[in-house]
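Scroll down for the structure; my scribbles are underneath it.
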Amino acid sequence: MLLKLIKYDFMEQFREHIGLYALVFVSALTEIILASFEFDLVSVFFWALHSLSVIAMFICSLVIIVIYFRRNLLKDEGYLMNTLPVEPWKLYVSKFLTAFVLFILDLIVAVLTFSIMNHGFEWIKDIIGSMSDEFANAGFTMSPVVMFGSIAVISLLYTISILFFSLTTGYRANGSKDANSVLTFIILYVIGQVTNIIVMIFTFFIPLSSKGSITYILNVLNHQEVAGLMNKVVIGALAVSLLLTVVYVAGSIYNMTKKLNLE
Numbered sequence: 006m007l008l009k010l011i012k013y014d015f016m017e018q019f020r021e022h023i024g025l026y027a028l029v030f031v032s033a034l035t036e037i038i039l040a041s042f043e044f045d046l047v048s049v050f051f052w053a054l055h056s057l058s059v060i061a062m063f064i065c066s067l068v069i070i071v072i073y074f075r076r077n078l079l080k081d082e083g084y085l086m087n088t089l090p091v092e093p094w095k096l097y098v099s100k101f102l103t104a105f106v107l108f109i110l111d112l113i114v115a116v117l118t119f120s121i122m123n124h125g126f127e128w129i130k131d132i133i134g135s136m137s138d139e140f141a142n143a144g145f146t147m148s149p150v151v152m153f154g155s156i157a158v159i160s161l162l163y164t165i166s167i168l169f170f171s172l173t174t175g176y177r178a179n180g181s182k183d184a185n186s187v188l189t190f191i192i193l194y195v196i197g198q199v200t201n202i203i204v205m206i207f208t209f210f211i212p213l214s215s216k217g218s219i220t221y222i223l224n225v226l227n228h229q230e231v232a233g234l235m236n237k238v239v240i241g242a243l244a245v246s247l248l249l250t251v252v253y254v255a256g257s258i259y260n261m262t263k264k265l266n267l268e
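Below you can see the structure in the form of structure tokens.
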């Protein structure tokens, strides 16, 4: 049943994404056509326009996913969905996995269109190569691909979980449920930022200050030592985000099972 739910949710939301993907591909093809005629200034304009269309695609995709979750589980459709002979956690997991896959699809579309404009995938190798050199020179032991890949995946999971938890928490209350959802999101966002600051203090600033005076830190401390501390900051922040993701997922399922107050 879970696979059927995922298929249904994906197809419903994918239809709403087709227009976004078409817009991004059209902007990329337009830039290629203009570049072939050597319209340099116009080509640069459409390159910038394509970059903006990619950003707009991610933002609109996020809005579509949030609105779909709200409409399908928390508004009028929710009365039908929550009466299906399906456990609430399956309804939630279906929406969660669908959102994750759609964001990955957004990323693939972005990479493909930029690759079309760059006439191949060499630009990706160049970026990875230059980043690897910079990381090596700075003393980082973590691969940039591993670091940024981990940050992207965990940040995506965290974002989806906090949005869905904010919605399900907001719809537990009476009164303006959407306002409560926004307020919950703001509070959780602040909590997440404060937690990351605390992690940075304990993994970077306190260990750094323990090494000596400011003069020593600026003139004697080498890149490898600083990079080692930064590695700990990144790992700590990712661990916190992953832990909060688990908490928000569990909280959302609990809300849907025990506390949901549909309109």
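Numbers given in the numbering used here equal positions in the sequence shown, counted from 1, plus 5. Glycine residues also receive a C-beta, built at the ideal position from the N, C-alpha and C atoms. What you are looking at is a predicted structure, and each value in this text was computed from that prediction instead of being measured.
Limits of the alpha helix (DSSP H) - the one that residue i falls within
i: residue 206; result: Element bounds for residue 206: n/a, residue is neither H nor E.
i: residue 84; result: 81 to 86
i: residue 36; result: 7 to 41
Alpha carbon of residue i to alpha carbon of residue j, nearest angstrom
i: residue 167; j: residue 207; result: 25 angstroms
i: residue 9; j: residue 261; result: 20 angstroms
i: residue 223; j: residue 152; result: Because residue 223 carries a pLDDT of 49, less than 50, the predicted location of this residue cannot be relied on, and the following value inherits that uncertainty. Computed Cα separation, rounded: 26 angstroms.
i: residue 26; j: residue 212; result: 47 angstroms
i: residue 154; j: residue 97; result: 25 angstroms
i: residue 113; j: residue 169; result: 24 angstroms
i: residue 148; j: residue 86; result: 44 angstroms
i: residue 28; j: residue 71; result: 21 angstroms
i: residue 55; j: residue 40; result: 13 angstroms
i: residue 252; j: residue 258; result: 10 angstroms
i: residue 37; j: residue 118; result: 10 angstroms
i: residue 132; j: residue 150; result: 10 angstroms
i: residue 57; j: residue 66; result: 14 angstroms
i: residue 134; j: residue 122; result: 20 angstroms
i: residue 137; j: residue 185; result: 44 angstroms
i: residue 248; j: residue 158; result: 14 angstroms
i: residue 16; j: residue 103; result: 9 angstroms
i: residue 20; j: residue 83; result: 20 angstroms
i: residue 250; j: residue 116; result: 27 angstroms
i: residue 194; j: residue 51; result: 35 angstroms
i: residue 256; j: residue 263; result: 10 angstroms
i: residue 196; j: residue 110; result: 30 angstroms
i: residue 204; j: residue 187; result: 26 angstroms
i: residue 24; j: residue 30; result: 10 angstroms
i: residue 53; j: residue 200; result: 36 angstroms
i: residue 12; j: residue 254; result: 21 angstroms
i: residue 120; j: residue 178; result: 47 angstroms
i: residue 192; j: residue 202; result: 15 angstroms
Proximity below 8 angstroms, CB of residue i to CB of residue j
i: residue 107; j: residue 198; result: no
i: residue 243; j: residue 156; result: yes
i: residue 163; j: residue 246; result: yes
i: residue 5; j: residue 189; result: The requested residue 5 does not occur in the structure, where the chain is confined to residues 6 to 268.
i: residue 100; j: residue 14; result: yes
i: residue 235; j: residue 209; result: yes
i: residue 172; j: residue 74; result: yes
i: residue 124; j: residue 69; result: no
i: residue 34; j: residue 95; result: no
i: residue 165; j: residue 105; result: yes
Any chain B beta carbon closer than 8 angstroms to residue i
i: residue 177; result: In the structure shown, chain B cannot be found, because there is only a single protein chain.
- Is the region 238 to 245 in contact with the region 75 to 89, if contact means three or more CB pairs nearer than 8 angstroms? no
- Task: Could you tell me whether the region 54 to 72 touches the region 87 to 95, where touching means 3 or more Cβ pairs closer than 8 angstroms?
- Result: no
- Task: For the region 113 to 181, list the alpha helix (DSSP H) runs that are entirely contained and at least 4 residues long, ordered along the chain.
- Result: Runs found: 127 to 143, 149 to 175.
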